[in-house]
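Residue numbers (this note's numbering), protein chains in the order written: chain A, 1 to 371; chain B, 1 to 371; chain C, 1 to 371; chain D, 1 to 371.
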């Protein structure tokens, strides 16, 4: 079996999530490639060494370019802060190596455009970490839609809200800077837009409204110094899909009570489907002719679930979605994929978000193709 | 105690609902006026007589103008088809009598404008039957908002969807004619717009999208003849409230699984509040600092509830909202009201709906004051 | 159409509920008898007169025996405190008049036994106010069971819990006296036992455990004087039904958070059915072969619902269950009934409760037929 | 840091779950011992080798005794069929090695008794895989109870039901044999009993009822040959806890619609707490004085959660409960534990189940200490 040497850049929470996902994908799936944890990079050499040992990587680098150049590395995984995605991914593509980059693809649409062009030119597999799409329940929803089980899709109502910035005393962070892809739309809403596209395809036009509610925040926890905030706290929009469906999207990080409320309802001529990521192992479904909604619990009949549990109702967790993402990537690298989000698709998500920003700023309907 | 003679026009489902509501309001509340069921009118003299006897009215008329002229009638209640609201209400106002008209106020904004002017000129109490607002849970929600318990309101997401037209074989009816105030926006959405205004006040601008999904329907059940349909099956919109809140509205009569899904979530800087009329005795609330949503069940601490039941959790039904509506009307007639929807407010609802139609047709943001 | 003169004893909350139910039943149903509100009795003559006028009764009595003797009264409705049910019902039966008595039938099994014998001897229709059974959703559940839609019934798990006595400072009341049919089992649990019998039929044997948690309570609100409490605060039991099903019952008035939690789950070889009276317009159902539970919302397809609303999802309230109870009674009086609870069935409920008390006291399985 | 060599016996679903849990515990926690995957045993030498390589074990054995004797093995983990737990655990204890055995401890109370005596004699750490207890939400529930946040606990109502045997065509398996710890009580109910003890402590007396509904099943899927079934399909019982609380337990593998319905409600004088394992990241809680239940979503404030995710609402899955179980075991081995289930506690669970069986058979209350 062919080897696939993993080179992972970044040792934060998401770096560890990748390390676990690579390991667990190997253990729970019969993968067509033999994954090896070849190299780990962190700017801090000591941390790089420590994490490499603890997570099972063979080599540690403090210079990420050396990881990319390492001949044992056949896949470059990027989990660093958002503004570093661009240089790292471009370097990996220049080296002709497949790239697995955390979301968002980039911190500007211009960067994203260069990245997708570079990926096209390199001709390698790319992936961006929109791991929520790998939830087996989401895959089932997508299948239902594609098979026509819901009939013609006429409406999508989506929301991704949390409350981690609801307290005006929650301090400034990089998430409050547009140049780091901050704001509710970029941070949360992009997951929702990616999901909308994953389920229903292209969006043709948008109209939107967005607001900054708390115009300043403490520079750090308890700090008397206030920093001005320019990014959006909430956004509401209208979408027109190429398939004729219409809908709404909302995203807020100020909505008390919500912790992971990526939710949607999809209305079709043959049924309604609803999902809320705060209960990620469930779908609510009402087919035409049925008296009411039924609750579906994830089980081994779903794609991917059986690898983790032989019995329904034994819920998958957030981290296992990452393992499923790695599996899809490996299958694709082996020529057997896949519906994962590549750079081209991630650019589409960025372009859609950009169109929403323009629509909000100019208070008009905007064609996505204008961007 | 002063007498209040009720004159009721119409003997359909809504006519009976009014008759019951007048009786029950008298029995459950200590009203400041002595209600008497003075006269009932229906174009069919036999039905008028029959219903008058069965529902306890003193007189029956087949000519509604005679009911209006009847000196025993001090309040004219109108429950006839939508296109008759205008002539009947105008006649009652011309006679200087208070009017209690079912929603919608009229079948065009022009009619609505004349009606509110006539009401203003007549200087009498008017009410329009947006009975969902009289739900004690809604009154509690409104109080919470007005007292600032949710802080500054920043977002409203509302929906009113049902599925009674979801089957393309559901036949044409007057609800499919714009000239009878048909379509999902007028039939269902107007309740939602009225609710949004009841809770958050004026809307300044709107943007919207609407669709007719099923372009023809059978002329009647099982009829091979098809009629062309021009009214909207679904609408989605963005709202900007005068108080600074932003939001979305959606309405559909094609959404499988929903029967009475007038729902909203209101996000404020101090909490989130959610309601779904399919569970009309419940609110979900999360205040700032609380770990999650709590469910509130209607109980005798709510305005109006105690008249019906001394114990919490013994749910009120749809018909009791009508009884509460009558109570508010009677209190207002006695000079002790009231937050009910008068012709002026009902015109505002119609104007808002008209703005949404323009916004959808012209694909642009529309100021409500343009209408 | 034959007249049915109603004589109502008692003017408390339940008296008014009866008065409304008689009126509304007449308005919403095509009844085979012509109901007239003949007479109202209350020991206080002024209150009797006042309520008679306000509720529309022709005559007022301060002596309930005179109401029973009133030739215009053809049905005696009893809504007085529990210990008065016995003398009033016995007098009405002695006069050969049908009786509609609030639950519980009596304050001792001995009284109940005399009452059912007297009813049998009188040969008149009797009814006891277990109005929760008249919920159309419950009628649907019963039909499903009787038609075999759930297959062989194998398990019943029932609970009726509220929290109105959860605070140890909630004062003593007649509900705390066994001689007034007090205690959680008698006050709440009897509804659950009646429901279990209504749905699944006879219970053959029981085992149970009961407790008084708060052994004394203030004599009245804020009173420093404490009274000893002997009745049960909670009870748990096992049931063996004659049809082979087994199950559990629980009842408590100390359970924080519950307001009207009469709930059950019924498991059959072909499906599971669940109900919670805090959402009285809903059932949860999973049939064999279905992937999960579906929610059924009450609608006009249910027996009784359509009289109140032509559309699904427009919930019935607690008071309308009373109207439905009156309808069943009137139909039965006209010879067209009915599955209502008569004195014989109410005695069965009392006997079952008595068996549970013995089982708890003697710590053993008890055959219901022992009582 | 001291090494801890893991020896794992069994390569089925549960063997893999252990392998993953050991790996992931090392990656997500700062453990005080250095875990090494020393040896894996399976009777099939080829499978042993294959799994060892794929899961990262250093050595493979086809004879489990050799694994126990392997000096590199300092902890013996047993994931084989139930009837093998006894000989393997006894051998490991004889070798003076800590044991981590899957539930149930044994297939008879006699075996369980020998095992706990052997553990006591050996003086080593033992653990049994009741992993549901390691759910951070359950740990939070336990803390709340122990800190008195719910006041005096007065009631426990527990259920563990699934539907995997609901179809009478579901074939015979070892789960249908009492000698393999089969039946709904042993297979599912033991989890519930362990949970009840984990949360509320000792049970003093029980009364119960159990039934075999389907008296025969196909020998295998689609097989015309039927085998007689003697184990219980469902059980209902009453519990008396040593702390004074009373309650009910139910377990069934015939209950349509349930997949993992280990649920409980605990009523205390200061609050009610509810849990359903089909939503394992949630608790419902109503404290005295609060108007209704609130939903708590798991988050990093809970013990153990933060190791997996820094944000609330990013649910843990079933497999992560196993990782948490391993963490507790390792902490205990390092002298820093722990509330895990050791052989003594697992024997208590078995004794409680045995008491329930006697109570059902002899139709009487049974003191647990009789067993």
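Glycine included, every Cβ here is placed at the ideal spot set by N, Cα and C.
Residue i versus the options, residue with shortest Cα-Cα distance
i, options, result
"residue 163/B", "291/A, 33/A, 302/A", "291/A"
"residue 182/A", "320/A, 353/A, 346/A, 2/A", "353/A"
"residue 321/D", "300/D, 308/D, 332/D", "308/D"
"residue 16/A", "28/A, 3/A, 350/A, 47/A", "47/A"
"residue 19/A", "143/D, 88/D, 28/D, 358/D", "28/D"
"residue 314/D", "288/A, 277/A, 341/A", "277/A"
"residue 355/D", "100/D, 157/D, 238/D", "238/D"
"residue 185/C", "210/C, 179/C, 165/C, 195/C", "210/C"
"residue 152/A", "134/B, 254/B, 112/B", "254/B"
"residue 198/B", "216/B, 143/B, 165/B", "143/B"
"residue 125/D", "340/D, 226/D, 370/D, 371/D", "340/D"
"residue 249/D", "258/C, 251/C, 256/C, 236/C", "236/C"
"residue 268/B", "286/B, 357/B, 281/B", "286/B"
"residue 319/D", "280/D, 310/D, 224/D, 303/D", "280/D"
Whole-angstrom C-beta distance between residue j and residue i, which should lie under 8 Å
i, j, result
"residue 119/D", "residue 93/D", "6 Å"
"residue 364/C", "residue 246/D", "Not confirmed; about 16 Å, so no contact."
"residue 41/A", "residue 9/A", "5 Å"
"residue 360/D", "residue 208/D", "4 Å"
"residue 23/D", "residue 261/A", "32 Å between Cβ atoms; not a contact."
"residue 234/A", "residue 154/B", "6 Å"
"residue 39/A", "residue 13/A", "Residue 39/A to residue 13/A, Cβ: 20 Å. No contact."
Residues of its chain near residue i, where Cβ-Cβ distance is below 8 Å and the 5 sequence neighbours each way are ignored
i, result
"residue 283/A", "137, 140, 141, 273, 274, 275, 295, 296"
"residue 90/B", "114, 115, 118"
"residue 62/A", "41, 42, 43, 44, 45, 48"
6 Å CB neighbourhood of residue i in its chain, flanking five on each side removed
i, result
"residue 178/D", "231"
"residue 101/A", "78, 85, 89, 128"
"residue 26/C", "35"
"residue 221/A", "171"
Same chain only: Cβ atoms within 7 Å of residue i, ignoring 5 sequence neighbours per side
i, result
"residue 201/D", "241, 242, 243"
"residue 288/A", "270, 271"
"residue 368/C", "203, 204, 205, 206, 351, 352, 355"
Inset, instruction - Report yes or no: do the stretch 224 to 238 of chain A and the stretch 124 to 144 of chain A share at least 3 C-beta pairs separated by less than 8 Å? - result: no
Inset, instruction - Name, going along the chain, the residues of the stretch 246 to 270 of chain D whose beta-carbon falls closer than 9 Å to a beta-carbon of chain C. - result: 246, 247, 248, 249, 250, 252, 254, 255, 256, 257, 258, 259, 265, 267, 268, 269, 270
Inset, instruction - Could you say if the stretch 114 to 132 of chain A and the stretch 324 to 337 of chain A meet the contact criterion of at least three C-beta pairs nearer than 8 Å? - result: yes
Legend entry - Touching by the beta-carbon criterion (3+ pairs, under 8 Å), the stretch 164 to 179 of chain D and the stretch 90 to 105 of chain D: no
Inset, instruction - Decide yes or no for the touch test of the stretch 37 to 57 of chain C against the stretch 340 to 355 of chain C: beta carbon pairs closer than 8 Å, at least 3 of them. - result: no
Legend entry - Residues of the stretch 302 to 315 of chain A with Cβ closer than 9 Å to any Cβ of chain D, in chain order: 308, 309, 310, 311, 312, 313, 314, 315
Legend entry - the stretch 151 to 165 of chain B / the stretch 185 to 196 of chain B touching (three or more Cβ pairs under 8 Å): yes
Inset, instruction - Could you name the residues of the stretch 341 to 368 of chain D whose beta carbon sits closer than 9 Å to any beta carbon of chain C, in the order they occur along the chain? - result: 363, 364, 365
Inset, instruction - Check each residue of the stretch 271 to 285 of chain C: if its Cβ is closer than 9 Å to any Cβ of chain D, include it; give the result in chain order. - result: 271, 272, 274, 284, 285
Inset, instruction - Compile a chain-ordered list of the residues in the stretch 172 to 205 of chain B whose CB is closer than 8 Å to at least one CB of chain C. - result: none
Legend entry - chain B contacts from the stretch 152 to 173 of chain A (Cβ-Cβ distance under 9 Å): 152, 154, 155, 157, 159, 161, 163, 166, 167, 168
Inset, instruction - Closer than 8 Å, Cβ to Cβ, to anything on chain D: give me those residues from the stretch 11 to 40 of chain A, in chain order. - result: 13, 16, 19, 20, 23, 24, 26, 27, 28
Inset, instruction - Give, in chain order, every residue of the stretch 290 to 302 of chain A whose Cβ lies closer than 9 Å to some Cβ of chain C. - result: 290, 291, 292, 293, 294, 295, 296, 297, 299, 301
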